[in-house]
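Residue numbers (this note's numbering), protein chains in the order written: chain A, 13 to 261; chain B, 26 to 544. What follows is one structure encoded as structure tokens, with my remarks underneath.
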Amino acid sequence: MKILVAVKRVIDYNVQVRVKDDGTGVVTDNVKMSTNPPDDNAIEEAVKIKESGKAKEVVAITIGDDKAQETVRKALAVGADRGIHVKVDGIVEPLAVSKILKKIVEKENPDLVFMGKQAIDDDCNQTGQMLAAILNWPQATFASKIEVKEKSLEVTREIDEGLETIEVNIPAIVTCDLRLNEPRYASLPNIMKAKKKPLEQLNASDLGVDTKARIEQIKVEEPPKRKAGIKVASVSELVQKLKNEAKVI
Amino acid sequence: MKSKSKVVVVGGGVVGVSALYHLAKKGWSDVVLVERKELTSGSTWHAAGLLPLFNMSYSVGQLHKYAVNLYGKLEEETGKNVGFSRVSNIRLANNKDRMDEYFQYAGVAQTIGVDVKFLTPDQVKEIWPLCNTSDLVGAIQHPEDGYIQPADLTQALATGARNRGAEIYRNTTVVGIKQTKNGWVVETDKGSIECEHVISCSGNFARQTGKMVGLDIPVIPVEHQYIVTEPHPEIQKRKKEGLPEMGVLRDSDSRWYMREEAGGLILGPYEDGAPACYVNGPSKESEYELFQEDLDRLAPHIEGAIHRVPAFGEVGVKKVYNGAICYTPDGNPIVGPAWGLKNFWINEGHSFGITAAGGAGWQLAEWIIDGEPTIDMLGVEPRRYGDYCSKSYLIKKNEEAYSHVFINHFPDEERPAARPLRTAPCYDRMKNLGAVFGQKFGWERPNFFATDGMEQKDDWSFRRSKWFSAIEKECKNVRENVGLLDMTAFAKCRIKGLGAEAFLDKLVANKLPKKNWKN
Chain A
13 MKILVAVKRV IDYNVQVRVK DDGTGVVTDN VKMSTNPPDD NAIEEAVKIK ESGKAKEVVA
73 ITIGDDKAQE TVRKALAVGA DRGIHVKVDG IVEPLAVSKI LKKIVEKENP DLVFMGKQAI
133 DDDCNQTGQM LAAILNWPQA TFASKIEVKE KSLEVTREID EGLETIEVNI PAIVTCDLRL
193 NEPRYASLPN IMKAKKKPLE QLNASDLGVD TKARIEQIKV EEPPKRKAGI KVASVSELVQ
253 KLKNEAKVI
Chain B
26 MKSKSKVVVV GGGVVGVSAL YHLAKKGWSD VVLVERKELT SGSTWHAAGL LPLFNMSYSV
86 GQLHKYAVNL YGKLEEETGK NVGFSRVSNI RLANNKDRMD EYFQYAGVAQ TIGVDVKFLT
146 PDQVKEIWPL CNTSDLVGAI QHPEDGYIQP ADLTQALATG ARNRGAEIYR NTTVVGIKQT
206 KNGWVVETDK GSIECEHVIS CSGNFARQTG KMVGLDIPVI PVEHQYIVTE PHPEIQKRKK
266 EGLPEMGVLR DSDSRWYMRE EAGGLILGPY EDGAPACYVN GPSKESEYEL FQEDLDRLAP
326 HIEGAIHRVP AFGEVGVKKV YNGAICYTPD GNPIVGPAWG LKNFWINEGH SFGITAAGGA
386 GWQLAEWIID GEPTIDMLGV EPRRYGDYCS KSYLIKKNEE AYSHVFINHF PDEERPAARP
446 LRTAPCYDRM KNLGAVFGQK FGWERPNFFA TDGMEQKDDW SFRRSKWFSA IEKECKNVRE
506 NVGLLDMTAF AKCRIKGLGA EAFLDKLVAN KLPKKNWKN
């Protein structure tokens, strides 16, 4: 079995994101970037399945500018066997990402495609679903537990009502939730060795995929600043304020 | 917010808060500190918290010694735990030159009054069982030092200052500093404060603060990274058995520090190629900022660390911190009165800010309140720099100072970056005569002339170098014949006014010559 895992380079989750002065986007110059957190869970799960002997190869793929390669290298350092970098500059929307992934799936013939449930930069939560649609494969989204069976997967999903367990036939797309596992840290010798693992470089245009934006972004704004709170002296004052000022009770 | 105060401290990192604390401690309670964001949010919060007593400079060594002593007593005074782990610190030597450096340093330490012990490789192994000691020549140990939690230290100093009446204004940005007849006005986005003294402790913003009063403060930060690993079973086992922490380990020849952290290890290398950052200052929104890590440039040091402590390579990397540390061209901070501006004080360029903050604040308080410092502060004197420190010079020199943190500190060392900067008209002629140059205040001056087929190149050592015979000849010649010096490195001081003659007579060994006396 072969598992393809898609990883994305995003602004690090610890960074306080700042909007550009002209409102055209967020500041990314000199900002610390890292792998989209649920993508780390996707890689971890694929590597665990390989370690259990149920998969033979884990291939990590990223789509983005030259620096996106760092994200693939990180996946290689924790156990992926080889990497693919599809070079695209600028923002790539989920539809274009899924079209690129479809081309790679046709080329690589994986049995499973894993990725994070959504990226923390655009919060789209669309790529896995779109890829399933255009490949006409089954999908299991928000996976918090994956059990590999003979020709299918048993996947526990995190849904609003609680947990849902479904079975999907292989080949399938799985998008991973943060509860799926605890991603391991790469040791320094493995980080060094990852530099020597094969990394194939492709251009989106070579794959015949049009990455032009379909969505027009009008403006990016900071969320409204929270006002400072006040201290109330007593419960009765609190109740009075909730009733008369906040008008919530 | 007060509209009047004796002193305004600009900047709420550990350096500024310590200055405020010491002013208040010395009895000036009417003092305030202004911080644009939160305390520690510049470089203090991401510092590794090490308290290295080791320093080749007498002034800096004194500041560090005072700080380590003070930090040990802060909890008792303020009730706030500062996370001081007095775990000792071992510096390793892989060769004879490095041992020479330690022998020379031991002399400095003895003068300052800092305890240093010499260790054999076997003694190192006893303290640090995870350390490979097979290729070591020896080591020194500072039993008194260790590390501290920088944010907790800052909060404790802030509490100590507030308890004595000092006030701290957070989220208050200084927008202008104006000199008045009697002192200064510090303008902020929340109002102005009239004061007698201003202390600039603005760290990464040093040049921006300097610009407000027309000072070109030669500080540009450099990126520094340290790696934090996940817990290692061996270290966790030691903890369970109740064994002491192994202490801070420094492999000077592989250029890194290492210490335990939550059952794992921290590694901080001082590599070549670390870039200057915030060259034009951080953005106005900057706070708690880290940069992208770059492990590639640390590769040789990581390999050295795994050779020295194999356990370090056996566990995963939890986090890599890459943040700004302030630097000056010689790597020492700038502490003292600003040149040409009365009652404006500079406390900037701290590359060992956590360790130096205590001493720098202490001496500035002495200087401001009593009129003079109580230790020799020549090593951190602001006037050692001048207008030769252009931005491009600073970038090169500060990056060099960073990469030289662990380079052997030979007494006759002349660092090569950004040279030649200023040359005399006869520079080429002297070079053709065999001059080997050094740099003073940006100027190239011959240190000696290579003679008798000697290579025209520096030869640094803790022992007698090849220049000895060349300089011997120069001295003899000047004594017996005539020598020509194109530029002296000595400063000229004009002393005038009532009592000048009596003052000078007391100062110099010889009797002063008569007025208008001609040779």
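Glycine residues also receive a C-beta, built at the ideal position from the N, C-alpha and C atoms.
- For phenylalanine 128(B), no CB of chain A lies under 8 Å from its own CB, so it is not counted at the interface with that chain.
- If you draw a straight line from the Cα of glycine 348(B) to the Cα of leucine 155(B), it comes to about 28 Å.
- Residue burial annotation: proline 325(B) is exposed, with fewer than 16 other C-beta atoms found within 10 angstroms of its C-beta.
- The continuous alpha helix (DSSP H) containing histidine 47(B) extends over residues 39-50.
- A check of alpha carbon separations from glutamate 105(A) across Lys208(A), Ala258(A), Gly76(A), Ala67(A) identifies Gly76(A) as the nearest.
- Taking one beta carbon from each stretch, the stretch 326-338 of chain B and the stretch 45-55 of chain A have fewer than 3 pairs nearer than 8 Å; the two do not touch.
- The beta carbon of aspartate 241(B) sits closer than 8 Å to the beta carbons of Arg232, Gly235, Asp412, Cys414 from its chain, once the five residues preceding and following it are set aside; these are given in chain order.
- A distance below 6 Å between beta-carbons, with the five flanking residues on each side excluded, links glutamate 255(B) to the following residues of its chain, in chain order: Gly289, Val340, Gly341, Lys343.
- Taking a 10 Å sphere around the C-beta of asparagine 207(B), we find fewer than 16 other C-beta atoms and assign the residue as exposed.
- Taking a C-beta distance under 8 Å as the contact criterion, lysine 68(A) and methionine 13(A) qualify as a contact pair.
- Neighbourhood of arginine 30(A) in chain B, by CB distance below 7 Å: Glu310, in chain order.
- Alanine 299(B) counts as buried, since no fewer than 16 other beta carbons sit within 10 angstroms of its beta carbon.
- When the Cα atoms are used, asparagine 26(A) and alanine 181(B) turn out to be separated by approximately 26 Å.
- In summary, tryptophan 364(B) is exposed, with fewer than 16 beta-carbon neighbours lying within 10 Å of its beta-carbon over all protein chains present.
- Here glutamine 317(B) carries a coil assignment [DSSP, helix/strand/coil].
- Taking 8 Å as the threshold, the shortest C-beta distance from phenylalanine 316(B) to chain A falls below it.
- In the structure shown, proline 146(B) adopts helical secondary structure according to DSSP, grouped into three states.
- Residue state for aspartate 276(B) is assigned as strand, using DSSP reduced to three classes.
- As for any alpha helix (DSSP H) of minimum length 4 sitting wholly inside the stretch 139-198 of chain B, the runs are 146-152, 175-188, ordered along the chain.
- Just so you know, the alpha carbons of glutamate 233(A) and proline 150(A) end up roughly 37 Å apart.
- The residues Leu78, Lys90, in chain order, have a CB closer than 6 Å to that of valine 139(B) in the same chain once the five nearest residues on each side in sequence are set aside.
- Per DSSP, the unbroken beta strand (DSSP E) holding threonine 254(B) starts and ends at 247-254.
- Residue contact check for glutamate 255(B) against chain A: a CB pair falls below 8 Å.
- Boundaries for isoleucine 182(A): no alpha helix (DSSP H) harbours it, and the DSSP string shows neither H nor E there.
- Less than 8 Å separates the beta-carbon of leucine 113(A) from that of valine 125(A).
- In the same chain as threonine 40(A), and ignoring 5 residues on each side of it, the C-beta atoms closer than 7 Å to its own belong to Ile23, in chain order.
- Contacts with chain A at 8 Å (Cβ-Cβ) include lysine 343(B).
- The count of Cβ pairs closer than 8 Å, one atom from the stretch 35-53 of chain B and one from the stretch 251-261 of chain A, stays below three, leaving the stretches out of contact.
- 8 Å or more divides the Cβ of glycine 95(A) from the Cβ of leucine 16(A).
- Interface annotation for the stretch 15-30 of chain A against chain B: Asp24, Asn26, Val27, Gln28, Arg30, criterion Cβ-Cβ distance under 9 Å.
- At a beta-carbon threshold of 8 Å, the residues of chain A lying near glycine 338(B) are Ser199, Leu200, Pro201, ordered along the chain.
- Sixteen is the threshold: since fewer than 16 other Cβ atoms of the shown chains lie within 10 Å of the Cβ of glutamine 135(B), the residue is exposed.
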